[in-house]
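For reference, the structure discussed in these notes is given below.
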Amino acid sequence: MRLRQYLVLKGNIPSGLYIGLGCLSFAVLMAVWCILTYGGVVPALFLPSPSEVAVQFYRMLTELNLVGDILASVYRVSAGFLLASLMGVPLGLLMGSFKLAEGLIEPLVGFVRYMPASAFIPLLILWIGIGDLEKIAVIFIGTFFQQVLMIRDVAKNISQELIDTSYTLGATQRAAFLKVVLPAALPGIVDTLRITLGWAWTYLVVAELVGASSGLGYMIMEAQRFLRTAGIIVGILVIGLLGLITDTLFKALYHRMFPWLERGTQ
Amino acid sequence: MTALPLKDLPEHDRQPAAQGAKLRIHHVSKVFEQKGQRVTALEDTHFDVREGEFVTILGPSGCGKSTLLKIIAGLTEPSSGYVMLNNRRISGPGADRGMVFQAYTLFPWLTVEENIAFGLKLKGMPKTQRQEIVQQYLQLIGLDGFGSMYPNSLSGGMKQRVAIARALANDPEVLLMDEPFGALDAQTRTVMQELLLQVWEKSHKTILFVTHDIDEAIFMGDRVYVMTARPGQLKAEIPIPIPRPREFSVKTTREFMRLKAEILDLIREESWKAANEIRSGECL
Ligand SMILES: Nc1ncnc2c1ncn2[C@@H]1O[C@H](COP(=O)(O)OP(=O)(O)OP(=O)(O)O)[C@@H](O)[C@H]1O
Ligand SMILES: [Mg+2]
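Protein sequences, first through last, are from chains A and B. Counting with the working numbering, you get residues 116 to 381 for the letters of the first sequence. Counting with the working numbering, you get residues 760 to 1043 for the letters of the second sequence.
In structure tokens form, the structure reads like this:
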């Protein structure tokens, strides 16, 4: 009874099987897509076939400057996300460590967080135009306020006992922050960055749907305007792929940085 | 750590009292206030620990043992009273009072070696000297060869051994131990007790050891303070005249049994008193 053995609550399965299952889910999606399109269930205008999408992808790469759009988008996401992180991580740590900082910042951040970033777009266009800066600002607003609160929780959840231990070993408050709070918070910080980077991509597309002349979001809009459905799908797939790549990179980084989180490693 | 300014003491109160005591707990009490509820965790606790002494405090769960140790460590401010170390009033935590906590508190991102060296590194000790001390303590606790492991892959007993080594390597004036073996099984606990006594015989550190286990309190201590709950208070001091070095076998001697019976009697008496007080309180 192999299956029985794999259906244990929180039980482990061989890594080969794990990877295989992941491939299976992709294969099923692909099969459904093929049946729907080649089987003529859905007209090509609504859902082009895989081969049509592949052809369109090649055309966009060679004729329509897809690479340029990708680069423009990657630049905006990176800039917005980096800016948000550079401010969000220290601020969040500060809020989680000092009630004074939390009292000052929390109400404001908590309030702004509920304002949809996309609703700022008209205002931002009015203020700073439709250039890169406006897109970066949208991404910043979309990620920063979430990040701050998530990082604050990470810092808050650090065990007081670990900090106390460092005090009894002679640490000053500064040393306790640098040698206990920071390393203890680091896995949570990396994880938060990984999750919020995904959100940054979402806001990018929203930002590029309005008043853009380059980028993946713009490209998708253009494709829709000319009823190039395959182009829309290429755009979505490319964004998905970029997300998958960064996510994988973050996960690899996580394992590299925190070997101590795994049991039994030396 | 926010150390509140301690009230100034009259000069006469300070000097004669602390003569000869390494550590003096001077009429310390602690009242916690939570949502308008006042909990007296510790009431007028007063005692001395001499240089090189191994003193155990025995008390039931919730009687304020951890609170007492945290006050001595400087992690908690007492509501009244104060603590003196080498005739000087303490304010805030410091490396002179090492502590082994009830919960596992190894830094998970540091290896066993790095954990033990944590305090030494803070002091700015050069690396070669640090490594020497670390090796010495690894040997002392019987974890030679485990230096490069992370705490995550150690058993509970090993973790507490490393925590003890980390506290000792820092060479504190006194070592405070808060039920360090509380989470361990009976077998491991016995091994750890003997190990700690062996380590103590070699270093003769001043140790204040808190436990809720009567056997442990007698086996380890030069003196046992019996504590009672609600409010936490020292009820009796029992000297343990069992000669050292002690081995596990003393736990079955007549002397040990006598001491245990004495302490059990005391505890029973106190719990009856407490129970009666509650009953009479209900009648009112
Ligand atoms: N920070 C706190 N705020 C409010 N009450 C507290 C706090 N710390 C401890 N207490 C209360 O003080 C009393 C003593 O707690 P303490 O942790 O010192 O007991 P203990 O003897 O160490 O118990 P155990 O054997 O279970 O570890 C308890 O009633 C507890 O609820
Ligand atoms: Mg306790």
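We put the beta carbon where it would ideally sit given N, CA and C, even for glycine.
Practice task
Could you tell me which residues DSSP puts in a beta bridge with D807(B)?
Solution key: As a position in the second sequence, residue 807(B) is number 48, starting the count at 1. Beta-bridge partners of D807(B) (DSSP): R783(B).
Handout entry: Extent of the continuous beta strand (DSSP E) to which I875(B) belongs
Key = The count along the second sequence starts at 1 and reaches residue 875(B) at position 116. If you look at I875(B), you'll find it isn't in any beta strand (DSSP E); it sits in the alpha helix (DSSP H) that goes V871 to I875.
Practice task
Count the other CB atoms, across all protein chains shown, that sit within 10 Å of the CB of A876(B); report buried if there are 16 or more and exposed otherwise.
Solution key: Locating residue 876(B) in the second sequence gives position 117, counting from the first residue. With 16 or more Cβ atoms within 10 Å of its Cβ, A876(B) is classed as buried.
Handout entry: Chain-order list of residues whose beta-carbon lies under 8 Å from that of V790(B) (same chain, five-residue window excluded)
Key = Here residue 790(B) corresponds to residue number 31 of the second sequence, with the count starting at 1. Excluding sequence neighbours, V790(B) sits near R797, V798, T799, A800 and S838.
Practice task
Give the single residue among L899(B), S788(B) and L865(B) whose Cα lies nearest to the Cα of S914(B).
Solution key: For the purposes of this step, residue 914(B) is taken as the residue at position 155 of the second sequence. Of the candidates L899(B), S788(B) and L865(B), the one whose C-alpha sits nearest the C-alpha of S914(B) is L865(B).
Practice task
Have a look at Y333(A) and E167(A) and give me their C-alpha separation to the nearest angstrom.
Solution key: Start at 1 with the first residue of the first sequence, and residue 333(A) comes out as number 218. Start at 1 with the first residue of the first sequence, and residue 167(A) comes out as number 52. Each residue's alpha carbon lies about 21 Å from the other.
Problem - First through last residue of the beta strand (DSSP E) which encompasses I966(B) - result: Position 207 of the second sequence, counted from the start, is the residue given in the question as residue 966(B). T965 to T970 is the extent of the beta strand (DSSP E) around I966(B).
Practice task
Check whether the Cβ of D937(B) sits closer than 7 Å to any heavy atom of ligand 2, and report yes or no.
Solution key: One-based indexing of the second sequence puts residue 937(B) at position 178. Yes, the Cβ of D937(B) comes within 7 Å of a heavy atom of ligand 2.
Practice task
Please compile the residues from chain A whose C-beta is within a distance smaller than 7 Å of the C-beta of A1097(B).
Solution key: The structure shown does not extend to residue 1097(B), since chain B spans only 760 to 1043, so no value can be given for it.
Exercise for the section: Please classify S1008(B): is it buried, with 16 or more other beta-carbons within 10 angstroms of its beta-carbon, or exposed? Expected result: Counting from one through the second sequence, the residue named residue 1008(B) turns up at place 249. With fewer than 16 Cβ atoms within 10 Å of its Cβ, S1008(B) is classed as exposed.
Practice task
Answer with yes or no whether the minimum CB distance from V296(A) to chain B is below 8 Å.
Solution key: For the purposes of this step, residue 296(A) is taken as residue 181 along the first sequence, with counting starting at 1. It does not; no Cβ of chain B falls within 8 Å.
Problem - Classification of D803(B) by the beta-carbon crowding that lies within 10 angstroms, buried from 16 upward - result: Numbered from 1 along the second sequence, position 44 holds the residue referred to as residue 803(B). Counting Cβ neighbours within 10 Å, D803(B) comes out exposed, since fewer than 16 surround it.
Practice task
Below 8 Å between beta carbons is the criterion; list the residues of the segment 876-895 of chain B that meet it against any residue of chain A, in chain order.
Solution key: F877, G878, L881 and K882
Handout entry: 8 Å contact criterion, which G818(B) and A995(B) should meet: CB distance rounded
Key = One-based indexing of the second sequence puts residue 818(B) at position 59. One-based indexing of the second sequence puts residue 995(B) at position 236. About 11 Å; that fails the 8 Å criterion.
Practice task
Use the C-beta contact count for V182(A): other C-beta atoms within 10 angstroms, 16 or more gives buried, fewer gives exposed.
Solution key: Position 67 of the first sequence, counted from the start, is the residue given in the question as residue 182(A). With fewer than 16 other Cβ atoms within 10 Å, it is exposed.
Practice task
Could you have a look at T799(B) and say whether DSSP puts it in helix, strand or coil?
Solution key: Here the question's residue 799(B) lines up with position 40 in the second sequence. It is a strand residue.
Exercise for the section: Kindly give me the distance between the Cβ atoms of S164(A) and T152(A), rounded to whole angstroms, as I take these residues to be in contact under 8 Å. Expected result: Numbered from its first residue, the first sequence carries residue 164(A) at position 49. Numbered from its first residue, the first sequence carries residue 152(A) at position 37. Indeed, because the Cβ distance is near 4 Å, the residues count as touching under 8 Å.
Practice task
Please confirm whether any heavy atom of ligand 1 lies closer than 7 Å to the CB of G980(B).
Solution key: Mapped onto the second sequence, residue 980(B) falls at position 221. Because no heavy atom of ligand 1 lies under 7 Å away, the Cβ of G980(B) does not count as near it: no.
Exercise for the section: Count the other CB atoms, across all protein chains shown, that sit within 10 Å of the CB of S130(A); report buried if there are 16 or more and exposed otherwise. Expected result: For the purposes of this step, residue 130(A) is taken as the residue at position 15 of the first sequence. It is exposed - the Cβ of S130(A) has fewer than 16 other Cβ atoms within 10 Å.
Exercise for the section: Note down, in chain order, each residue of its chain lying with its Cβ closer than 6 Å to the Cβ of L879(B), except the 5 sequence neighbours on either side. Expected result: As a working note, residue 879(B) is residue 120 in the second sequence. Within the same chain, L879(B) has close Cβ partners R889.
Handout entry: Test item: CB-CB of M175(A) and V320(A) under 8 Å
Key = Translated into the one-based positions of the first sequence, residue 175(A) becomes position 60. Translated into the one-based positions of the first sequence, residue 320(A) becomes position 205. No, the Cβ-Cβ distance between M175(A) and V320(A) is not below 8 Å.
Problem - From Q894(B), I973(B) and D807(B), residue whose alpha carbon lies closest to that of R925(B) - result: Stepping through the second sequence from its first residue, residue 925(B) is reached at position 166. Minimum Cα distance to R925(B) is reached at Q894(B).
Handout entry: Contacting residues, own chain, Cβ-Cβ under 6 Å from I966(B) (five flanking each side not counted)
Key = For the purposes of this step, residue 966(B) is taken as residue 207 along the second sequence, with counting starting at 1. Counting only Cβ-Cβ distances below 6 Å, and skipping sequence neighbours, we find F813 and L934.
Handout entry: Cβ-based burial, M908(B) [other Cβ within 10 Å; buried from 16]
Key = In the second sequence, counting from the first residue as 1, residue 908(B) sits at position 149. By the 10 Å Cβ count, M908(B) comes out buried.
Problem - Any non-hydrogen atom of ligand 1 within 7 Å of S1030(B) CB - result: Within the second sequence, numbered from 1, the residue matching residue 1030(B) stands at position 271. Answer for S1030(B): no, Cβ out of range of ligand 1.
Practice task
Give a yes or no on whether the minimum CB-CB distance between G131(A) and chain B is below 8 Å.
Solution key: Indexing the first sequence from 1 puts residue 131(A) at position 16. Not one chain B Cβ lies under 8 Å of G131(A).
Practice task
With hydrogens ignored, establish whether the beta-carbon of C138(A) is closer than 7 Å to any heavy atom of ligand 1.
Solution key: Here the question's residue 138(A) lines up with position 23 in the first sequence. It does not: the Cβ of C138(A) is nowhere closer than 7 Å to a heavy atom of ligand 1.
Practice task
Check whether the Cβ of K709(B) lies closer than 7 Å to any heavy atom of ligand 2, and answer yes or no.
Solution key: For chain B, the structure presents residues 760 to 1043; residue 709(B) sits outside this window and is missing.
Practice task
Confirm the yes/no value for this check: CB of Q919(B), any heavy atom of ligand 2, distance under 7 Å.
Solution key: Here residue 919(B) refers to the residue found at position 160 when the second sequence is read from its first residue. Flag unset: Cβ of Q919(B) not near ligand 2.
Problem - Separation of L209(A) from E810(B), as counted between CA atoms - result: Residue 810(B) sits at position 51 when you count from the first residue of the second sequence. Residue 209(A) sits at position 94 when you count from the first residue of the first sequence. The straight-line gap from Cα to Cα measures roughly 42 Å.
Practice task
Given a cut-off of 8 Å, decide if R856(B) and E938(B) are closer than it, judged by their beta-carbon atoms.
Solution key: Counting from one through the second sequence, the residue named residue 938(B) turns up at place 179. Counting from one through the second sequence, the residue named residue 856(B) turns up at place 97. Contact: no.
Exercise for the section: Could you tell me whether the segment 298-312 of chain A touches the segment 365-372 of chain A, where touching means 3 or more Cβ pairs closer than 8 Å? Expected result: yes
Handout entry: Integer Cβ distance of A300(A) from I236(A), believed to fall under 8 Å
Key = Translated into positions along the first sequence, residue 300(A) becomes position 185. Translated into positions along the first sequence, residue 236(A) becomes position 121. Their Cβ separation, rounded to whole angstroms, is 33 Å, which puts A300(A) and I236(A) out of contact at 8 Å.
Practice task
Compare the Cα-Cα distances from G257(A) to each of V224(A), W242(A) and Q275(A) and report the closest residue.
Solution key: For the purposes of this step, residue 257(A) is taken as residue 142 along the first sequence, with counting starting at 1. Ranking V224(A), W242(A) and Q275(A) by Cα distance to G257(A) puts V224(A) first.
Problem - Pairwise C-alpha distance: G303(A) and A410(A) - result: Look at the range of chain A in this structure, 116 to 381, and you will see that residue 410(A) is not part of it.
Handout entry: Sub-8 Å separation of I387(A) and L352(A) beta-carbons
Key = Lying before the first or after the last residue shown, residue 387(A) is absent from chain A, which here runs from 116 to 381.
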